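K.L.:
Below is a structure I'd like to ask you about.
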Amino acid sequence: MNILIVSGSRNPEGQTARAVNAVLEGAKEAGSDVELVFLPTLNLERCRQCDQNGWGICKSEGRCVAEDDFNPLLEKMLNADVSAFASPVYFSDLSESLLTFLGKIRRISINPEAKKRIENKPVVGICCAGGTGNGAPDCCASLYKILFRIGFDVVDIVPVRRQ
Numbered sequence: 450m451n452i453l454i455v456s457g458s459r460n461p462e463g464q465t466a467r468a469v470n471a472v473l474e475g476a477k478e479a480g481s482d483v484e485l486v487f488l489p490t491l492n493l494e495r496c497r498q499c500d501q502n503g504w505g506i507c508k509s510e511g512r513c514v515a516e517d518d519f520n521p522l523l524e525k526m527l528n529a530d531v532s533a534f535a536s537p538v539y540f541s542d543l544s545e546s547l548l549t550f551l552g553k554i555r556r557i558s559i560n561p562e563a564k565k566r567i568e569n570k571p572v573v574g575i576c577c578a579g580g581t582g583n584g585a586p587d588c589c590a591s592l593y594k595i596l597f598r599i600g601f602d603v604v605d606i607v608p609v610r611r612q
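Here's what the structure looks like:
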């Protein structure tokens, strides 16, 4: 099995990284090929809302016009058997890098051909909260809502607290 783990955490040794590494190690032990991507290290532009109606080739062609790291990462995700999205919890929500990436996927998923490639693709979400940990449920709800809207098969959303 080919698994892509996409982390919205900037800290490769923090709490989110520890949770991701646990998933990565378990998947490898089960015989899967796993790739880990740290979104904050990539060049990801926000959606430009290209034309007057707020769309662009995302709607007509199922890809983004921006010449950044989005389209190659999207292809990796589409070619994976399973994807996992991990985020630290910031203000009871996802990290900005993960919001940017998922927002662009949401846009291209309007294209019927792109939607077919995304629909029912299994995904898992991981939301890692620091502080009190009280923001984890809201973050999980936000992640679920976005993934479900895009059309993924949301297998599980896991809240993680530092406690």
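The sequence shown begins at 450 in our numbering and counts up by one. All C-beta atoms, glycine included, are put in the ideal place defined by N, C-alpha and C. Because the structure is a prediction, the values reported are computed rather than measured.
1. Taking 8 Å as the cut-off, decide whether the C-beta atoms of L485 and L493 are in contact.
2. Pick out whichever of L453, Q464 and N528 has its Cα sitting closest to the Cα of G580.
3. Going along the chain, which unbroken runs of the beta strand (DSSP E) with 3 or more residues stay wholly within the stretch 460-522?
4. I575 and V469 - do their beta-carbons sit closer together than 8 Å?
5. With D587 as the anchor, note down where its alpha helix (DSSP H) starts and where it stops.
6. Could you give the C-beta distance for K570 and F597, rounded to a whole number, given that I count them as a contact under 8 Å?
7. Would you check if there are 3 or more beta carbon pairs closer than 8 Å linking the stretch 581-595 to the stretch 535-548?
P.N.:
Reading it off the structure:
1. no
2. Q464
3. 482-487
4. yes
5. A585 to I599
6. Actually they do not touch by this definition, with Cβ atoms about 12 Å apart.
7. yes
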